[in-house]
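Note that the working numbering gives residue 29 to position 28 of the sequence shown, counting from 1, and the numbers run on in steps of one.
No residue lacks a Cβ here, since even glycine has one placed at the ideal position from N, Cα and C.
The block underneath contains the structure these notes are about, expressed in structure tokens.
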Amino acid sequence: MSSNNPTPNLEQLMLEARQLMKDLGLPDQMQGDTPLFVLLVMLDMKPAKSWSEANNQKWGITPLMNKMRELGFKNLAPNTRENIRDDCVGQLVDAELATENPDKPRPKNSPKYCYQINQEVLYLVKKIGSADYPIALNNFLSNYQTIKHKYQAKRQSQRLNVKIAHNFSVSIAPGGQGVLIKSVLQDFCKYFNIDKVLYIDNTVDTARGYSPFIDENLINYLGIDIDKFKNSYDKPDIVLYKSDNKYLIIIEAVKTGGAINVERRDRLLSLFENVDVKLSFVNAFESFKELKRLTKEITRETHAWIMEFPDHMIHFNGDQYLFH
Numbered sequence: 002m003s004s005n006n007p008t009p010n011l012e013q014l015m016l017e018a019r020q021l022m023k024d025l026g027l028p029d030q031m032q033g034d035t036p037l038f039v040l041l042v043m044l045d046m047k048p049a050k051s052w053s054e055a056n057n058q059k060w061g062i063t064p065l066m067n068k069m070r071e072l073g074f075k076n077l078a079p080n081t082r083e084n085i086r087d088d089c090v091g092q093l094v095d096a097e098l099a100t101e102n103p104d105k106p107r108p109k110n111s112p113k114y115c116y117q118i119n120q121e122v123l124y125l126v127k128k129i130g131s132a133d134y135p136i137a138l139n140n141f142l143s144n145y146q147t148i149k150h151k152y153q154a155k156r157q158s159q160r161l162n163v164k165i166a167h168n169f170s171v172s173i174a175p176g177g178q179g180v181l182i183k184s185v186l187q188d189f190c191k192y193f194n195i196d197k198v199l200y201i202d203n204t205v206d207t208a209r210g211y212s213p214f215i216d217e218n219l220i221n222y223l224g225i226d227i228d229k230f231k232n233s234y235d236k237p238d239i240v241l242y243k244s245d246n247k248y249l250i251i252i253e254a255v256k257t258g259g260a261i262n263v264e265r266r267d268r269l270l271s272l273f274e275n276v277d278v279k280l281s282f283v284n285a286f287e288s289f290k291e292l293k294r295l296t297k298e299i300t301r302e303t304h305a306w307i308m309e310f311p312d313h314m315i316h317f318n319g320d321q322y323l324f325h
């Protein structure tokens, strides 16, 4: 590491950030310019700041990208947001250098979803360039496995596990819609005899954070365009299949908004074009109070299910009874 210059320029910051990644034994893809720009922003570092001034405030992906542009690091197009989330910030989380939503669990689509560099990393970063850095690095590496296990255990404890088939379970992302989604998979499926789960948004992949559950074999069997479905921004929260009468059930877990209105229903319909099964659209709510608040948003030819009354269904049209 170079000396701890009180006013390092960007080139020096990048060199020292890259050396940090090497010192931690992290892969080459985490040492590229864009991942390093992301790291600098998350540490509140910029030219003319010393590493000892770094901090670990919480960042959302869009504010982080805006800050990169503001500082002149890199001007990223809006459609690269998922790449920054998965390939840059996500790798920091995978390496247990950063944490998702350190203050409280949130659904993946929450505008308040955030990331924060872990405190142990911040302590090490503040020593970059100083005589204390080698000792701090050695201490960090000596305790790295313990640090990783601590954060992995925290994430594991927050997950909501639910069995969706014989000898097969998934973990639902905590917070936000998590409890409601779990109730749909357990209670809704039980009371209405649903036997197959095609898709769940916001599940937890043990190898890499949050990712959707998709039964690709069932999608192909039903003739759904899998590429169109995977690449769509309009996917519902849950898709179920009732095989005895060939009903595909598209469910939105409605928390603060986003009930199925006319426009939303049309977009969802486009995902299942030319599929030879009957479709049913369901808005799932935690409480009758939430349903009342959003009733005006709900379009005809849909249904409402309430977690408080799991064996009942409210129909927003008089000519179709669910699953018959």
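When the Cβ atoms of the segment 128–145 are set against those of the segment 60–78, are three or more pairs found closer than 8 Å?
-> With a cut-off of 8 Å, the segment 60–78 and the segment 128–145 do not count as touching, because too few Cβ pairs lie within range.
Sub-8 Å separation of Leu181 and Ala285 beta-carbons = Yes, Cβ-Cβ distance for Leu181 and Ala285 is below 8 Å.
Just curious, the alpha helix (DSSP H) that Ala305 is in, first and last residue?
-> Not the alpha helix (DSSP H): Ala305 falls in the beta strand (DSSP E), residues 304–307.
When the Cα atoms are used, what is the spatial distance from Asp202 to Leu241?
-> Taking the straight line joining both Cα atoms gives about 12 Å.
Does the beta-carbon of Arg265 have 16 or more other beta-carbons within 10 angstroms, so that it is buried, or is it exposed?
-> Buried: at least 16 other Cβ atoms inside 10 Å.
Simplified DSSP state of Tyr200, which is helix, strand or coil = The answer is strand: DSSP assigns Tyr200 an E or B state.
Buried versus exposed call for Arg209 [16 or more other C-beta atoms within 10 Å across all chains shown] = Because Arg209 sits at a pLDDT of 44, beneath the cut-off of 50, its placement in the model cannot be relied upon, and the following sentence gives the value as read from the coordinates. Exposed: under 16 other Cβ atoms inside 10 Å.
Would you list, in sequence order, the uninterrupted alpha helix (DSSP H) runs of no fewer than 4 residues that lie entirely inside the segment 106–138?
-> When DSSP assignments are scanned along the segment 106–138, the uninterrupted stretches of alpha helix (DSSP H) that are 4 or more residues long and fall wholly within it turn out to be 120–126.
With distances taken from CA atoms, which of Arg268, Leu72, Gly179 is nearest Val39?
-> Leu72 is the residue among Arg268, Leu72, Gly179 whose C-alpha sits nearest the C-alpha of Val39.
Sort out for me which residues DSSP pairs Asn10 with in a bridge.
-> DSSP output for Asn10 lists no bridge partner at all.
DSSP-derived helix/strand/coil call for Ala18 = In the structure shown, Ala18 sits in a helix (DSSP, three-state: H, G or I).
Residues sharing a beta bridge with Val283, DSSP = Per the DSSP secondary-structure output, Val283 pairs in a beta bridge with Ile252, His304.
At what residues does the beta strand (DSSP E) containing Tyr222 begin and finish?
-> Membership of Tyr222 in any beta strand (DSSP E) is not indicated; the residue belongs instead to the alpha helix (DSSP H) covering 217–223.
What are the uninterrupted segments assigned as beta strand (DSSP E) that are 3 or more residues long and contained completely in the segment 64–106, given in chain order?
-> With a minimum length of 3 residues, the continuous beta strand (DSSP E) runs that stay inside the segment 64–106 are 99–101.
Do Pro237 and Leu269 have their C-beta atoms closer together than 8 Å?
-> Closer than 8 Å, so yes.
Which stretch, first to last residue, makes up the alpha helix (DSSP H) that contains Lys243?
-> For Lys243, there is no enclosing alpha helix (DSSP H); the residue is found in the beta strand (DSSP E) stretching over 239–243.
Take Glu83 as the anchor and find which of Tyr234, Asp267, Ile315, Gly259 has the nearest alpha-carbon.
-> Ranking Tyr234, Asp267, Ile315, Gly259 by Cα distance to Glu83 puts Tyr234 first.
Taking all protein chains shown into account, do 16 or more other C-beta atoms lie within 10 angstroms of the C-beta of Val255, making it buried, or fewer, making it exposed?
-> Buried, since its Cβ has 16 or more Cβ neighbours within 10 Å.
Apart from the five residues on each side of it in sequence, which residues of its chain come closer than 6 Å, Cβ to Cβ, to Asp312?
-> If we look at Asp312 and ignore the five residues flanking it on each side, its Cβ neighbours are Tyr192.
Can Ala99 and Asn119 be called in contact, C-beta distance under 8 Å?
-> With contacts defined by Cβ atoms closer than 8 Å, Ala99 and Asn119 form a contacting pair.
Is the beta carbon of Val283 less than 8 Å from the beta carbon of Ile252?
-> For Val283 and Ile252, yes; Cβs fall inside 8 Å.
Between the Cα of Thr204 and those of Lys197, Val198, Thr303, Pro213, spot the shortest distance and give me the residue it belongs to.
-> Cα-wise, what sits closest to Thr204 is Pro213.
According to DSSP, which residues form a beta bridge with Phe214?
-> The partner list for Phe214 (beta bridge, DSSP) reads Ile201.
Where Asp29 and Thr35 are concerned, what is the direct C-alpha to C-alpha distance, given to the nearest angstrom?
-> Separation of Asp29 and Thr35 (C-alpha to C-alpha, rounded to the nearest whole angstrom) is 12 Å.
Taking the alpha-carbon positions, what's the Tyr116 to Pro103 distance?
-> So the alpha carbons of these two residues sit roughly 7 Å apart.
Take Pro7 and list the residues in its own chain whose beta-carbon comes closer than 8 Å to its own, dropping the five residues that flank it on each side.
-> Because Pro7 carries a pLDDT of 47, less than 50, the predicted location of this residue cannot be relied on, and the following value inherits that uncertainty. Contacts found: Ser51.
Pull up the distance between the alpha-carbon of Asn262 and that of Ser170, whole angstroms please.
-> When rounded, the distance between both Cα atoms is 31 Å.
Expressed to the nearest angstrom, what Euclidean distance is found between the alpha-carbon atoms of Ile315 and Glu287?
-> Cα-Cα distance, rounded: 14 Å.
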